[in-house]
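Undergrad: Take a look at the following structure, please.
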Amino acid sequence: MSKEVAISGAKVPDSKPPHAASRDDEPRGNTTATVVDIEHAPVQDDPRHWSRFRKNFSLFLISAASMIAGLAGNIQNPAVEEMEEDLPATSAQFSLSLSLFILVQGVVPLLWCAISEVKGRKLVYLVSLAFFTIASIIVALSKNIGLVIAFRAIQAAGSSAVIAIGAATLADIFEPAERGTKMGIYYIAPLLGPAIGPIIGGGLTAGLGWRSIFWFLCIVSGASWLSFLLFFRDTFRKERSLTYQNVLKQRLRGKKGTGDDIISPSTTAPASTTDLHHDLEKANENAKCDAPAAVIPQLEVELSLKDVNPFKPIGTVLRRINNLAILFASGLMFALSFMISYTCARTLSRFYNYDALMIGVITITYGLGCVAGSLLGGRWSDYKLAQLKEANGGKSYPEMRLKSTTLGIWMLPPCIIGFGWVCDRRVHIAALCVFLFVAGFFTIWTYASALAYIVDANNGRSATAVATNSAFRGVSAFVATEIAVPLQDSIGDGWLYTIWGVMMMVSGALILLVAWKGEEWRARAEEREAQEATSSEQK
Numbered sequence: 001m002s003k004e005v006a007i008s009g010a011k012v013p014d015s016k017p018p019h020a021a022s023r024d025d026e027p028r029g030n031t032t033a034t035v036v037d038i039e040h041a042p043v044q045d046d047p048r049h050w051s052r053f054r055k056n057f058s059l060f061l062i063s064a065a066s067m068i069a070g071l072a073g074n075i076q077n078p079a080v081e082e083m084e085e086d087l088p089a090t091s092a093q094f095s096l097s098l099s100l101f102i103l104v105q106g107v108v109p110l111l112w113c114a115i116s117e118v119k120g121r122k123l124v125y126l127v128s129l130a131f132f133t134i135a136s137i138i139v140a141l142s143k144n145i146g147l148v149i150a151f152r153a154i155q156a157a158g159s160s161a162v163i164a165i166g167a168a169t170l171a172d173i174f175e176p177a178e179r180g181t182k183m184g185i186y187y188i189a190p191l192l193g194p195a196i197g198p199i200i201g202g203g204l205t206a207g208l209g210w211r212s213i214f215w216f217l218c219i220v221s222g223a224s225w226l227s228f229l230l231f232f233r234d235t236f237r238k239e240r241s242l243t244y245q246n247v248l249k250q251r252l253r254g255k256k257g258t259g260d261d262i263i264s265p266s267t268t269a270p271a272s273t274t275d276l277h278h279d280l281e282k283a284n285e286n287a288k289c290d291a292p293a294a295v296i297p298q299l300e301v302e303l304s305l306k307d308v309n310p311f312k313p314i315g316t317v318l319r320r321i322n323n324l325a326i327l328f329a330s331g332l333m334f335a336l337s338f339m340i341s342y343t344c345a346r347t348l349s350r351f352y353n354y355d356a357l358m359i360g361v362i363t364i365t366y367g368l369g370c371v372a373g374s375l376l377g378g379r380w381s382d383y384k385l386a387q388l389k390e391a392n393g394g395k396s397y398p399e400m401r402l403k404s405t406t407l408g409i410w411m412l413p414p415c416i417i418g419f420g421w422v423c424d425r426r427v428h429i430a431a432l433c434v435f436l437f438v439a440g441f442f443t444i445w446t447y448a449s450a451l452a453y454i455v456d457a458n459n460g461r462s463a464t465a466v467a468t469n470s471a472f473r474g475v476s477a478f479v480a481t482e483i484a485v486p487l488q489d490s491i492g493d494g495w496l497y498t499i500w501g502v503m504m505m506v507s508g509a510l511i512l513l514v515a516w517k518g519e520e521w522r523a524r525a526e527e528r529e530a531q532e533a534t535s536s537e538q539k
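Per the UniProt record's numbering: the sequence shown = residues 1 to 539.
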């Protein structure tokens, strides 16, 4: 689908690869600039050109840090009774600490995202992991529940950075055609973390006491921090960021503007025109998918934290109907994942009479289902994308990826409802484990493609889009956790999960709707944004 993108007051059709123009072709009074696919804008030390080993090692570092974020959420659950006696504290206070952790972990990524668009990914990883490590030490030394609640919230803030920019970092490194598989691998970690958290927490509590849980988190996060410091190479390239492109256009106009993020940039020496044009033509020849256009400048712009407004780009993401639909669907699926492990643990304790360690062993079947669904679902997503791209004459668009979710969308609701009634009727534990596994499998089969779509459909804003997704997930999981226990006690597991089965039908319907209408909605949004940019430049 042809669309127009406004650059420096002019509309340039992007249905064909644009080529660089010479200075003689520029209208008098304009600063030299050209248009290029922002996904493939020429950059120094392009992460897409790194060796396979470096790319995959970066994926490993990010995934390991994500697992820590997943572990931290519920690793303390097996130690609740011991902590209540030692601190002392009430069940309501511990419920608050869990819900607040989820909420903070979901909302704070919006801030980390904005910082990463200015200071790069590596600094954000280092600062956030340092916060998490220090907070873990303080919780381990705490003598009252108030201190635990406060620094658990700081733990959540620290662990949230990798959730915020992990997917965006992978978008920096990998081409769209392979992101489904890599996203699937990446998302194993934060999902496996909550599954194995109760096992680790239960074992540590039984052997060394509840404080050992937080010393353990301190050690693993400290090791992760050191790994990022020594081995991680920053992947952020400002030329592929719409934050940078917007301030650049303002600077080219020679006045302060009202762009998405920036107010007061400074400049450095211009680049070589000949080399720039050569790079642009090469980038356009190698471009593999349609994407928003980027301004490639004759000057450099330095950004600072005071220039960042984290809220306006979020508003741009939320104004797109396709984004809103996927964000709601994603939030519901994440809320289900967090709630199912929490309520399942209560059922296993109250009606099956299992101890904390055995509960962790059983609930890991959900995590194993997530691992299998993430690996197979990601590969299936990439396969379907390649198949549909070939059928479409070699051209792809982000909504193609969502068409791989059909199997998961149809299978997930009956699996969730079946799990609820197996719990409600106290069926043999083997049946419960089977339903836990398939529920995890089809949840992540669908979720991995939804997450990849959020990245692919927001070129230049992938970090902001993923952070917004994290906020939706956090708020959804917070609400789900707060109402889960009252609903479970009043209507039982059967009807509780029947309700969730219906909600998964709604989630699936939203995804299918975006697969059908999303390209049209996205094109309209891009056209509207281009017109607004043109109007702003003409003022």
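Each residue gets a CB set at the ideal place from its N, CA and C atoms; glycine is no exception.
As a quick exercise: from Arg-320, Ser-128, Leu-208, pick the residue whose alpha carbon is nearest that of Ser-221.
TA: Your numbering for residue 221 matches position 221 in the sequence shown. Answer by Cα proximity: Ser-128.
Undergrad: Is it buried or exposed for His-40, if we count other Cβ within 10 angstroms and need 16 for buried?
TA: For the purposes of this step, residue 40 is taken as the residue at position 40 of the sequence shown. Buried, since its Cβ has 16 or more Cβ neighbours within 10 Å.
Undergrad: Give me, in chain order, the residues of the same chain whose beta-carbon lies closer than 6 Å to that of Thr-468; leave out the 5 immediate sequence neighbours on both sides.
TA: As a position in the sequence shown, residue 468 is number 468, starting the count at 1. These residues qualify, in order along the chain: Ile-314, Val-317.
Undergrad: Between the alpha carbons of Ile-75 and Leu-357, how many angstroms are there, rounded?
TA: Within the sequence shown, the letter at position 75 stands for residue 75. Within the sequence shown, the letter at position 357 stands for residue 357. The straight-line gap from Cα to Cα measures roughly 12 Å.
Undergrad: Have a look at Phe-94, Val-427, Lys-182 and flag the residue whose alpha-carbon is nearest the alpha-carbon of Ala-448.
TA: Residue 448 sits at position 448 when you count from the first residue of the sequence shown. The residue with the shortest Cα to Cα distance from Ala-448 is Lys-182.
Undergrad: Check whether the segment 318-325 and the segment 409-417 are in contact - that is, three or more C-beta pairs closer than 8 Å.
TA: These segments do not touch.
Undergrad: So which of Phe-441, Asp-45, Cys-344 has the shortest CA-CA distance to Gly-377?
TA: Here residue 377 refers to the residue found at position 377 when the sequence shown is read from its first residue. Selected option, being the one with the closest Cα: Phe-441.
Undergrad: Could you pull out every residue in the same chain whose Cβ sits closer than 7 Å to the Cβ of Ala-89, ignoring the five residues on either side in sequence?
TA: As a first step, residue 89 is located in the sequence shown; it is residue number 89 there, counting from the start. Met-83, Ile-145, listed in sequence order.
Undergrad: Look up Ala-78 in the DSSP assignment and say whether it is helix, strand or coil.
TA: Residue numbering aside, residue 78 sits at position 78 when the sequence shown is read from its first letter. This sequence places Pro at residue 78; Ala is not what is there. Pro-78: helix per DSSP, three-state reduction.
Undergrad: By how many angstroms is the C-alpha of Arg-233 removed from the C-alpha of Lys-122?
TA: Translated into the one-based positions of the sequence shown, residue 122 becomes position 122. Translated into the one-based positions of the sequence shown, residue 233 becomes position 233. Looking at the two C-alpha atoms, the distance is approximately 7 Å.
Undergrad: CA-CA distance, Leu-280 and Val-43?
TA: As a working mapping, residue 280 is identified with position 280 in the sequence shown. As a working mapping, residue 43 is identified with position 43 in the sequence shown. Any answer about Leu-280 is weak, because its pLDDT of 32 lies below 50 and its placement is not dependable; what the coordinates show is given next. Roughly 10 Å separates the two Cα atoms.
Undergrad: Run through the segment 131-209 for me and flag every whole alpha helix (DSSP H) of 4 or more residues, listed as ranges in chain order.
TA: List check, alpha helix (DSSP H) in window: 145-173, 176-208.
Undergrad: Are the CB atoms of Ser-374 and Arg-401 within a distance shorter than 7 Å?
TA: In the sequence shown, counting from the first residue as 1, residue 401 sits at position 401. In the sequence shown, counting from the first residue as 1, residue 374 sits at position 374. No, these two residues do not count as a Cβ contact at 7 Å.
Undergrad: Which one of Leu-111, Trp-516, Phe-174 has the shortest CA to CA distance from Ala-161?
TA: Residue numbering aside, residue 161 sits at position 161 when the sequence shown is read from its first letter. Closest by alpha carbon: Leu-111.
Undergrad: Out of curiosity, what's the CA-to-CA distance linking Thr-133 and Leu-100?
TA: As a working note, residue 133 is residue 133 in the sequence shown. As a working note, residue 100 is residue 100 in the sequence shown. So the two alpha carbons sit approximately 18 Å from each other.
Undergrad: Got a sec? Which residues, its chain only, sit under 6 Å from Ser-142 by beta carbon, not counting five neighbours each side?
TA: Translated into the one-based positions of the sequence shown, residue 142 becomes position 142. These residues qualify, in order along the chain: Val-148.
Undergrad: Beta-carbon within less than 7 Å of Ser-97's beta-carbon, same chain only, minus the 5 sequence neighbours each way: which residues are those?
TA: Position 97 of the sequence shown, counted from the first residue, corresponds to residue 97. The residues are Val-148, Ile-149, Arg-152.
Undergrad: Since Arg-473 and Gly-106 should fall inside the 8 Å C-beta cutoff, what is the C-beta to C-beta distance between them, to a whole number of angstroms?
TA: If you number the sequence shown from 1, residue 473 lands on position 473. If you number the sequence shown from 1, residue 106 lands on position 106. Indeed they touch by this definition, with Cβ atoms about 5 Å apart.
Undergrad: I need the straight-line Cα distance from Tyr-342 to Tyr-366, nearest angstrom please.
TA: The count along the sequence shown starts at 1 and reaches residue 342 at position 342. The count along the sequence shown starts at 1 and reaches residue 366 at position 366. Each residue's alpha carbon lies about 12 Å from the other.
Undergrad: Please determine, among Val-139, Gly-203, Ala-164, the residue with the shortest C-alpha to C-alpha distance to Phe-214.
TA: Position 214 of the sequence shown, counted from the first residue, corresponds to residue 214. Nearest C-alpha to Phe-214: Val-139.
Undergrad: Between Gly-209 and Glu-532, what straight-line distance do the alpha-carbon atoms span, to the nearest angstrom?
TA: Stepping through the sequence shown from its first residue, residue 209 is reached at position 209. Stepping through the sequence shown from its first residue, residue 532 is reached at position 532. Roughly 59 Å between the two C-alpha positions.
Undergrad: Nearest to Leu-510 by alpha carbon, out of Val-466, Thr-169, Phe-328, Glu-239?
TA: To locate residue 510, count along the sequence shown from 1; it is residue 510. Of Val-466, Thr-169, Phe-328, Glu-239, the residue nearest in Cα terms is Phe-328.
Undergrad: If you pair each beta-carbon of the segment 483-490 with each one of the segment 389-399, do three or more pairs fall below 8 Å?
TA: They do not touch, by the three-pair rule.
Undergrad: Lys-395 by DSSP, collapsed to three states: which one?
TA: In the sequence shown, residue 395 corresponds to position 395, counting from 1. The answer is coil: DSSP assigns Lys-395 none of H, G, I, E or B.
Undergrad: Among Leu-103, Lys-119, Ala-164, which has the Cα closest to the Cα of Ala-65?
TA: Counting from 1 along the sequence shown, the entry for residue 65 is found at position 65. The option with the nearest alpha carbon to Ala-65 is Ala-164.
Undergrad: To the nearest angstrom, report how far apart Ile-62 and Ile-102 are at their CA atoms.
TA: Here residue 62 refers to the residue found at position 62 when the sequence shown is read from its first residue. Here residue 102 refers to the residue found at position 102 when the sequence shown is read from its first residue. The alpha-carbon atoms of Ile-62 and Ile-102 are separated by roughly 20 Å.
Undergrad: Less than 7 Å separating the beta-carbons of Ile-340 and Ala-450?
TA: Indexing the sequence shown from 1 puts residue 340 at position 340. Indexing the sequence shown from 1 puts residue 450 at position 450. No, Cβ-Cβ distance for Ile-340 and Ala-450 is not below 7 Å.
Undergrad: So, Thr-347 versus Gly-420, is the Cβ gap smaller than 7 Å?
TA: Taking the first residue of the sequence shown as position 1, residue 347 is located at position 347. Taking the first residue of the sequence shown as position 1, residue 420 is located at position 420. No, they are not a contact pair.
Undergrad: Below 7 Å between beta carbons: does that hold for Ala-69 and Gly-201?
TA: Locating residue 69 in the sequence shown gives position 69, where the first residue counts as 1. Locating residue 201 in the sequence shown gives position 201, where the first residue counts as 1. Going by C-beta atoms, Ala-69 is not nearer than 7 Å to Gly-201.
Undergrad: List the endpoints of the continuous alpha helix (DSSP H) containing Arg-350.
TA: Within the sequence shown, numbered from 1, the residue matching residue 350 stands at position 350. First-last of the alpha helix (DSSP H) with Arg-350: 321-350.
Undergrad: Helix, strand or coil for Tyr-366, going by three-state DSSP, please let me know.
TA: For the purposes of this step, residue 366 is identified with residue 366 of the sequence shown, where counting begins at 1. Helix.
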